[in-house]
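See below for the structure under consideration.
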Amino acid sequence: MRSDYCGQISSHDIGRQVSVCGWVGRRREHGEHLAFIDLRDHTGIIQCVVQGTHGLHSEYVVKITGTVSPRPEGTSNKDLATGEVEITNCEVEVLSKADSPPFSISDRIEVEENVRLRYRYLDLRRNKMQHHLRMRAKVNSLLRHSFESQGFTEVETPLLWTPTPEGAREFVVPSRMKPGSFYVLPQSPQIAKQLLMVGGLDRYYQIARCLRDEDLRADRQFEFTQLDIEASFVTQQDILDFVTQAVIDVVSEITGISIESIPILTWEQSMELYGTDKPDLRFDMQIVDLTAIFKDTQIKAFQANSIKGIKVPSSCPLSRSKLDNLVAKAKEMGAKGLAWFKAVDSEDGVVLESPLAKHLGELESKALIEAFGIEPLETILIVADEISLTRNILGNLRNELGEPDPEKPSLCFAWVVDFPLFEGFDEDGNLISGHHPFTMPNLEDFHLIDSDPLSVRSQSYDLVLNGWELGSGSIRIHRDDIQSKIFSVLGISSEQAQERFGFLLSAFSFGAPPHGGFALGLDRTIALLAGEDNIREVIAFPKTSSGFDPMTQAPKPISPQQLKLLSLVPIKDEALD
RNA sequence: GGACCUGUGGUGCAGCUCGGAGUGCACGCCGGCCUGUCAAGCCGGAGGUCGCGGGUUCAAAUCCCGUCAGGUCCGCCA
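Plus 641 on top of the position in the first sequence (first one is 1) and you've got the working numbering.
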């Protein structure tokens, strides 16, 4: 039907008879003898010179056959890849008429996302969306290639899985054949891939859809895609190496940026220096511990377990009203207050200005200036509280105030390792898994599991990029004794464990290789590579933040017949309370 | 479950503080003119339940209450 793509015609084609197909973009009419039509396909735009308008309108689908000709002198268009040429002597065939679209197909036009989603098929015609989806496909392809060359085998796992009541809320699928019973859609292929290791697959990977019925966010959809891997007879370092290699392959091919290695931070370092387990390393602004400096302070607000601060550079000047805003924000996050000290020049060198300045001892002032190497116009922000709060609040302020440092790479990856095995205790006094119940403890710490469980580290790790968590993984428990102990401290009885994960434990009893794995969130990865801060921009058909699809109107009620077939009876709202 | 922001012809906005006739801008659409445009240009035109419901008022896009939808965040996401 066509001989060429619109965007690929160039001066090399001059004189050729070509047929191109696509959508009518802008038209420029000059009376009945001359009109220009921009014909668009996914490769770009070519200008077609026609006599009269042929009744063409925006988004008509046409086939144009004509001769590639050089444009007359002075009429070339540098903004167009095909701007040196045009198609003349055109024969136009309308393949499909089109209603006037609700918005123009142009990257220049801003349209409310709701409207874009209702007409997603039109939105997808836009250059930006085409680019994102094609880049996404390229990333998938590169990842497949990278893992296959590292000895991994792609295996598909079931979407109709069995309920494992732990962690995220599951999407439930009623069984027609067994009334009253349900499948669930997998939160991730976690257990399936461990079974593949028991099954001797050795190294598995899959570009897997995962489903979690939790509230949506800019970086979270109900369904999302993970590059999921698992490998046998490996250490944590092996897994980091596999993934690092894949990241290097993908980033270099997609962005041209060459990464040599990915720095490794311990969880403790990350929390101490950046106040978060997903640090944005595109800028420094590290958190400094000031507890020692203020251990004998007269300042009442600083009499706390943990005192920490960050230095805000002079490039981010903080007016009094901005400071007031920051104080309010810190309080919203649970701080009792936020102290600030502004460095100013004086006859005696740098001095600190602050409502607290007069209470600040001379030694404290000196130590503070020294600790931060502070210079005029810089501001120190200080929080004094329990350590988890000082870290968390300063970490948030750091993210709010920090700007990517032009000296640093635009993509700053980091591994965060040695996460705590447990997050804390639930209301029944049982420990809560940091990652999941199959995560291998750090065996150096395992003896502390009863005396000081919260200080037990795990063999788990996150990959972080520019302050986003891209993925996480762990070495899994393959030993009975350790798994039993973990279930026990999590408050899962052996009966409960049997009921929930019996098939997995049974599998492990038949010879489980040591194994571990990782899952990389592809939506987030691709959004970051595309320079988007919302994953909906790299998903063909996403849902709104209330889980609605404006195009299909899903979710919708189903018919009484369907309900009956599934043995389901809707209950009225008031019956729920 | 909670907080904040947004909702005005097909699209994007202004108007809202301080109530006075659906007032305005840009794009698109329809018609006319136009033989080298390319975000074409010029002339004319059509197009509105100001998200929805209630209240205050002589009078509501504007003030108040409620509600729906969208966005961002908190909770949640082993």
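Built from N, CA and C at the ideal position, the CB exists for glycine as well.
This structure is a prediction, so every number in the text was calculated from the model and none was measured.
Residues of its chain near L906, where Cβ-Cβ distance is below 6 Å and the 5 sequence neighbours each way are ignored: A1055 and V1057
Between the CA atoms of E789 and V839 - distance to the nearest angstrom: Rounded to whole angstroms, V839 to E789 spans 20 Å at the Cα level.
Uninterrupted beta strand (DSSP E) stretches inside the stretch 1074-1114 (no shorter than 3 residues): 1101-1106
At least 3 beta-carbon pairs within less than 8 Å: the stretch 823-840 vs the stretch 1149-1165: A contact exists between the stretch 823-840 and the stretch 1149-1165.
As assigned by DSSP and simplified to three states, the class of L1209: coil
Where the beta strand (DSSP E) through V1058 begins and ends: F1054 to V1058
N- and C-terminal bounds of the beta strand (DSSP E) containing D682: A676 to D682
Runs of beta strand (DSSP E) lying entirely within the stretch 853-920, each at least 3 residues, in chain order: 864-873 and 905-907
Three-way DSSP call (helix, strand, coil) for S947 in this model: Three-state DSSP puts S947 in a strand.
Buried or exposed (CB count within 10 angstroms, at least 16 for buried), G1172: exposed
Run of the beta strand (DSSP E) containing K704, from where it starts to where it stops: V702 to P711
Expected contact under 8 Å - CB spacing of V1221 and E727 to nearest Å: Residue numbering for the chain in the displayed model covers 642 to 1218; residue 1221 lies beyond these limits and cannot be assessed.
Rounded straight-line distance, which links the Cα of S1115 to that of D1093: 21 Å
Extent of the continuous alpha helix (DSSP H) run through N730: It is not in any alpha helix (DSSP H) - N730 instead sits in the beta strand (DSSP E) that spans V726 to S737.
Strand pairing of H698, partner residues [DSSP]: Per DSSP, none; premise fails for H698.
Stretch-stretch touch, CB-based, cutoff 8 Å, three pairs: the stretch 898-917 with the stretch 1015-1034: yes
Closest Cα partner of F943 within the set E871, T932 and S745: T932
Cα-Cα separation, V780 to I1167: 8 Å
DSSP-derived helix/strand/coil call for A942: helix
Endpoints, the beta strand (DSSP E) within which K983 is located: A980 to S987
Whole-angstrom distance between E1027 and F1013, CA atom to CA atom: Distance between the alpha carbons of F1013 and E1027 is about 22 Å.
Secondary structure of A1025, DSSP reduced to three states: strand
Assigned secondary structure, P1061 (DSSP; H/G/I helix, E/B strand, else coil): strand
Inter-residue spacing [alpha-carbon to alpha-carbon] between L1234 and A1181: Summary: the structure shown does not reach residue 1234, with the chain confined to residues 642 through 1218, and so no result is reported for it.
Residue nearest to P711 in terms of C-alpha spacing, selected from C662, D720, F865 and I655: I655
Spatial neighbours of D1103 in its chain, beta-carbon cut-off 6 Å, leaving aside the 5 residues before and after: Taken in chain order, the residues that qualify are V1057, E1110 and S1113.
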